[in-house]
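Respectively, the protein sequence lines represent chains A and B. One point on numbering: in full-length UniProt numbering, the residue at position 404 of the first sequence is 404, and numbering is uninterrupted. One point on numbering: in full-length UniProt numbering, the residue at position 159 of the second sequence is 159, and numbering is uninterrupted.
Protein chains: 2
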Amino acid sequence: MLDIKSFIAERVNLMESSEIREILELTEGKNVISLAGGLPDPKYFPVEELAQISSDVIREYGWKALQYSVTRGVREFRNELVRFMERAGIPGERPYNIIVTSGSQQALSLLSQILINPNDIVIVEKPTYLAAINVFKSVGAKFEGVGIDEHGMKIEELEEKLKEFRREGKKPKVVYTIPTAQNPSGVSMSNERREWLLELAEEYDFLIIEDDPYSHFMFEDHIRFERLRAKDKYRVIYTSTMSKILAPGLRLGWVAAHPDIIDALETAKQNADLHTSTFNQLIAAEALKRGVVDSHIPKVKEAYRAKRDAMLESLEEYMDGVAKWTKPVGGLFVFVYLDENLDTKEMLPMALSEGVAYVPGSAFYIDGSGRNTMRLNFSYPSIEEIREAIKRLSKVVREYTAKVSG
Amino acid sequence: MLDIKSFIAERVNLMESSEIREILELTEGKNVISLAGGLPDPKYFPVEELAQISSDVIREYGWKALQYSVTRGVREFRNELVRFMERAGIPGERPYNIIVTSGSQQALSLLSQILINPNDIVIVEKPTYLAAINVFKSVGAKFEGVGIDEHGMKIEELEEKLKEFRREGKKPKVVYTIPTAQNPSGVSMSNERREWLLELAEEYDFLIIEDDPYSHFMFEDHIRFERLRAKDKYRVIYTSTMSKILAPGLRLGWVAAHPDIIDALETAKQNADLHTSTFNQLIAAEALKRGVVDSHIPKVKEAYRAKRDAMLESLEEYMDGVAKWTKPVGGLFVFVYLDENLDTKEMLPMALSEGVAYVPGSAFYIDGSGRNTMRLNFSYPSIEEIREAIKRLSKVVREYTAKVSG
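Here it is as structure tokens:
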């Protein structure tokens with residue numbers, strides 16, 4: 001009998017299936033409130049506007065909306081992205097600084113391909129975004145982790161590590177960071193630390209990938225974070241996505257970076273998928289032009305703020321004394337720390353049978369630490385579901401704690 | 001001054017920019033008739049139907065059309081693909097045998113990632129599809145080429161090579177073939193040779209990738225080619241695309257293969273772009289369900305047949321005696337052979353200044369041979385343009401020949 005598995009290349013073992021997706025599949029169809037995903041709340045998708053724009057785009061552009069287009073991205077969309085970034089506090093971009101990607105997942109995948117040789121050092125936050133760990137791992141990166149606190153990545157700790165590397169004759173290539181409303185922790189890097197990080201990039205000669213999907217959902221209007229890309233157009237590679245500010249099903253992301261980086265990304269993207277859907281790019285361009293995105297963002301922000309508040313209130317009410325958690329200034333997630341001797345992966349089956357799902361936090365740590373942590377999503381569930389989920393979760397935590405200590 | 005290029009990974013050098021694209025860019029905006037591309041004729045895109053379907057899909061599915069969806073592909077689309085393949089002469093597929101990709105370019109990219117370790121041997125036709133050469137090269141494949149004639153890949157030559165490899169203790173992993181209306185040559189593998197190829201796959205234990213974008217555009221109704229996938233569901237990995245039968249701007253392709261292959265592709269695709277646009281998959285599913293694709297295909301086929309005839313007639317009229325060419329039974333291309341001492345790459349600037357573009361054939365050869373060949377596309381230009389282009393090209397060939405010999 002033919003053993004097809006023997007034909008699979010070794011590198012497939014480096015690509016780990018996402019733990020989050022597998023958990024989501026476990027809960028499908030069951031009476032489980034999932035705090036595990038990272039889905040936007042579809043109630044706020046501009047459905048009618050997009051239905052109208054879709055047929056308008058085909059009728060207006062005709063066959064051009066349906067034909068092949070250039071790898072770098074449709075000009076109309078890149079022009080709108082330049083304007084959108086300017087409105088968002090990142091002026092000075094040009095269409096040639098931008099490449100459109102099939103979601104920001106593809107941006108990370110292509111960046112890992114063009115930047116990382118096997119054993120190159122990539123520095124990430126501890127915890128950091130799971131999918132970023134996976135793509136960098138798949139090209140053979142070596143990770144170094146830097147801890148976080150309520151002001152984001154601890155730049156002092158980063159500097160110590162950089163000094164150590166220098167003494168050892170090693171040179172990290174990239175710092176990957178989600179400085180604003182970080183996933184999974186919800187914290188943001190202070191402006192002071194951002195300045196410091198940029199200085200270190202000069203001094204130690206590394207590039208920075210600024211992953212910025214959440215900065216449009218900042219809940220405290222008095223705090224303004226300067227985007228790294230606004231300060232440094234050479235070393236900072238910026239990536240963001242339409243998934244949270246318009247709709248994820250269109251699969252649209254982009255990278256703004258130095259033209260040499262964009263050229264390399266273009267070559268890699270030609271191999272990867274030739275180009276991103278012409279039609280979807282024109283839809284997003286039109287949604288930006290007509291103000292659909294700009295008027296959509298505040299509504300979503302208000303909704304997510306209310307949900308965050310509900311989650312924090314419920315945590316106060318039900319989990320005080322048995323857990324600690326971050327107070328996210330934006331984004332979609334709260335990160336929870338249990339007692340050091342607890343293991344949220346071990347606890348997960350209990351949680352599922354009590355009707356609540358989360359992502360065990362160790363998935364977000366490059367070194368398998370963080371076993372006592374978990375990530376809770378508040379963007380997708382309703383406020384009622386959030387309250388009920390935290391109530392269920394607190395019961396699980398108490399029972400599990402008793403079991404472990406008992 | 002920062003040298004960004006020094007940060008680019010070594011593997012980027014393995015990814016060659018497509019020669020075809022660069023030539024296309026050269027001709028943009030000039031009075032050049034391009035026979036260089038591989039674009040479908042957009043005159044036949046079902047524009048009105050797709051405008052209607054697009055807004056229907058959003059209104060019918062609502063937010064579901066705009067939300068994240070599973071990596072493997074939207075169930076509605078995979079179901080329709082199973083039925084479509086059955087109508088096309090490949091019965092017995094199941095949704096779990098299918099993964100949706102962002103165009104067939106992504107299918108090739110993911111297949112190269114999951115199958116090829118560095119130095120694995122991949123056997124291809126000489127000439128073969130340029131983009132396939134690039135993706136396999138980017139993962140470190142070693143190529144072996146097998147010649148073609150009017151009945152496709154010479155299987156006798158393949159068998160000789162396989163015997164030689166066996167003697168040397170080597171084991172090729174994959175034969176990549178476009179058996180039906182091959183790109184760039186336009187020829188099809190005879191049914192006898194298909195049987196023989198499948199037998200060799202058993203005997204020498206390799207997998208076959210059957211790339212099948214053109215089999216819906218076969219111009220001689222009395223010839224029927226059995227798809228390899230219809231004969232062997234274990235060793236044959238089938239890939240095709242909606243680009244030629246609906247619209248390339250939607251970026252939709254798919255792979256039908258053994259479930260173990262599909263599982264590995266799913267892992268790789270999760271890393272690459274999470275999933276293909278939910279919206280576009282639902283549009284294509286609806287276009288298949290409403291019969292838009294099935295009624296679209298015969299119209300396009302008739303148009304391409306007339307264009308092929310015009311190109312062959314023009315070649316007879318203008319190029320008799322100075323060139324030989326394939327008589328494509330289907331597809332989008334004629335492949336032209338000039339005298340052995342001529343170099344179509346060297347000739348290209350002359351052609352461009354005479355107002356005609358083509359792809360130098362050496363791009364389609366893994367070993368840099370085929371310098372006297374060129375690929376001519378007949379799907380995109382109009383019949384009038386085809387006649388004029390061949391007339392111009394014959395002038396160029398005659399002048400270039402005189403220059404080289406003189």
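Yeah, the Cβ is synthetic: ideal placement off N, Cα and C, and Gly gets one too.
- The beta carbon of residue 243 of chain B sits closer than 6 Å to no other beta carbon from its chain once the five residues preceding and following it are set aside.
- In the displayed model, residue 92 of chain B falls within coil according to three-state DSSP, outside both helix and strand.
- Taking C-beta separations shorter than 6 Å and ignoring five residues to either side along the sequence, the partners of residue 84 of chain A in its chain run 288, following chain order.
- A direct Cα-to-Cα measurement between residue 5 of chain B and residue 94 of chain B gives close to 46 Å.
- Contact annotation: residue 188 of chain B and residue 329 of chain B have beta-carbon atoms nearer than 8 Å.
- A straight line joining the alpha-carbon of residue 279 of chain A with that of residue 231 of chain B spans about 36 Å.
- Bounds of the beta strand (DSSP E) holding residue 376 of chain B are 373-377.
- In the DSSP assignment, residue 138 of chain B forms no beta bridge with any residue.
- The beta carbon of residue 97 of chain B sits no closer than 8 Å to any beta carbon of chain A.
- Contact between residue 203 of chain A and residue 177 of chain A is absent: CB atoms are separated by about 17 Å, not below the 8 Å threshold.
- Within its own chain, the residues whose Cβ lies closer than 6 Å to the Cβ of residue 225 of chain B, once the five positions on either side in sequence are excluded, are 180, 188, listed in chain order.
- As a beta-bridge residue in DSSP terms, residue 323 of chain A pairs with A:320.
- Here residue 37 of chain B really is in contact with residue 380 of chain B; their C-beta atoms are around 6 Å apart, less than 8 Å.
- If the five residues before and after residue 13 of chain A are omitted, its C-beta is found closer than 8 Å to no C-beta atom of its own chain.
- At a cut-off of 8 Å, the C-beta of residue 5 of chain B has a neighbouring C-beta in chain A.
- Rounded to the nearest whole angstrom, the C-alpha separation of residue 48 of chain B and residue 118 of chain A is 49 Å.
- In the structure shown, residue 215 of chain A adopts coil according to DSSP, grouped into three states.
- Per the DSSP secondary-structure output, residue 123 of chain A pairs in a beta bridge with A:144, A:175.
- For residue 280 of chain A, a Cβ of chain B is located within less than 8 Å of the residue's own Cβ.
- Short of 7 Å from the beta carbon of residue 71 of chain B, and not among the five residues preceding or following it, lie these beta carbons of its own chain, in chain order: 266, 269, 270, 274, 275.
- Shown here is that no member of the region 339-364 of chain A has a Cβ falling below 7 Å from a Cβ of chain B.
- Not a single C-beta of chain A is nearer than 8 Å to the C-beta of residue 34 of chain B.
- For residue 12 of chain A, the chain B residues whose C-beta falls within less than 8 Å of its own C-beta are 113, 114, 264, 267, 268, listed in chain order.
- The region 143-155 of chain A and the region 290-298 of chain A do not touch, with fewer than three beta-carbon pairs separated by less than 8 Å.
- For residue 337 of chain A, the enclosing beta strand (DSSP E) begins and ends at 333-337.
- Assigned with DSSP and collapsed to three states, residue 181 of chain A falls in coil, not helix or strand.
- With fewer than three CB-CB distances shorter than 8 Å, the region 151-170 of chain B does not count as touching the region 100-118 of chain B.
- Around the beta-carbon of residue 222 of chain B, fewer than 16 other beta-carbon atoms lie within 10 Å, marking it exposed.
- Under the three-state reduction of DSSP output, residue 256 of chain A falls in the strand class.
- Under the 8 Å criterion on CB atoms, residue 271 of chain B is classed as interfacial with respect to chain A.
- For residue 258 of chain B, the C-beta contacts it makes with chain A under 8 Å involve 4, in order along the chain.
- Put simply, the backbone Cα of residue 322 of chain B is about 29 Å away from that of residue 214 of chain B.
- Residues of the same chain with a CB within less than 6 Å of the CB of residue 391 of chain A, apart from the 5 flanking positions on each side, are 318 in chain order.
- Per DSSP, the continuous beta strand (DSSP E) segment holding residue 238 of chain B begins and ends at 236-241.
- Interface flag for residue 9 of chain B against chain A is set, since a Cβ pair is found closer than 8 Å.
- Any Cβ of chain B closer than 8 Å to the Cβ of residue 224 of chain A would place that residue at the interface, and such an atom is absent.
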